[in-house]
Amino acid sequence: MRQLTEQEISDFQTDGVAFLPAAVESHWVERLLHLVDETLTAPGEWANDGNPGAERNRMFTQRYMWQHNATIRDYIFQSGCAGLAGQAMGSETVRFYFDHLLVKEPETTAATPWHQDIPYWPFKGYQVCSIWLALTETTVAESAMEFIRGSHLDGNYYRPEVFNAREDHPNAWAEEAQGTPVPDIEANRDAFDILGYDVQPGDAVIFSAWTLHGAPGNGSSSRRRAALSTRWLGDDAVWWPHAGTDPIVSEEHVSLKPGDYPGDDTVFPVIWRQDL
Ligand SMILES: O=C(O)CCC(=O)C(=O)O
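One rule links them: number in this note's numbering = place in the sequence shown (from 1) + 953.
Quick look at the structure:
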């Protein structure tokens, strides 16, 4: 399995993001690309589809498939991603939170707004991160993710907003969201230290849940852009349910009190331990 280099760990700790070329073996990309096709054709629960059935200008996301989808489950348990998260966060144990598939068909205008992940989630803690795995080739100019270097350390907690919101698809949870408004980064790009990476299938980016990040739409006229983000919890994560967080896992699903370590094995399974 791929291990992180000292430089990658240092980038993650200092910048809040590290680029991981060839993060997983190519067979995972092939399996996950099949899943993308299947999911676009038959979206399931927790899908957010900006333009159903369209081959262009469609932003599609689907979350929380691991409980019933073997491909996602195998990827989480067997690809080695949890170990990458553990090494980057310096955590002894890594638990899984959820999977998030993100697809932008060619000529998709919808950008991923600049945001921080932690305010979307019912957790507090600094050892919380994501691994965004590229399933298709893309460039920063076209549709790859961008990050504000060091923003994970600036102490801000930014108010979430729904991606690709549609009037006919209410997302009431976000109306109660907490935090300060995200600054207008697009209008002032020169004022920010922005990092971005051109990616090949199988490359990944690992980033802290506190790092500000976003992505343009998909400027390509021919290439689909597809990625799978997986969300990981380290030793200092604590359960912190509050209004305005993503409802995929909420108080009714867990046997935890606010402030507890999320040791609920069926909901947040342990995938990796440093000593194994
Ligand atoms: O793929 C994207 O455009 C956004 C992904 C993202 O924001 C995330 O994985 O947290």
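Cβ coordinates follow ideal geometry from the N, Cα and C atoms, glycine included. Quick caveat: nothing in here was measured; it's all calculated off a predicted structure.
Not one heavy atom of ligand 1 lies closer than 7 Å to the C-beta of ASP1228. A Cβ-Cβ contact shorter than 8 Å links PHE1221 with LEU1186.
Shown here, ARG984 sits in a helix according to DSSP, grouped into three states. Between the beta-carbon of TRP1193 and that of PHE1013 there is about 29 Å, and that puts the pair past the 8 Å contact cut.
Secondary structure of LEU1229 (DSSP, three-state): coil.
For VAL1135, the closest of GLY1078, LEU1088, GLU1129, PRO1072 by C-alpha to C-alpha distance is PRO1072. Cβ neighbours of ALA1179 within its own chain (closer than 6 Å, five residues either side excluded): VAL989, VAL1056, LEU1088, THR1089.
Note that the segment 1160–1168 touches the segment 1089–1103; at least 3 beta-carbon pairs, one per stretch, sit closer than 8 Å. Taking C-beta separations shorter than 8 Å and ignoring five residues to either side along the sequence, the partners of GLU978 in its chain run SER1032, GLY1155, following chain order. TRP981 and LEU1106 have their C-alpha atoms some 33 Å from each other. The distance from the Cβ of THR1183 to that of ILE1029 is about 6 Å, consistent with a contact at the 8 Å cut-off.
Around the beta carbon of GLN956, a 10 Å sphere encloses fewer than 16 other beta carbons of the protein chains shown; the residue is thus reported as exposed. In this structure ASN1010 touches THR1062 by the C-beta definition: roughly 6 Å separates them, less than 8 Å.
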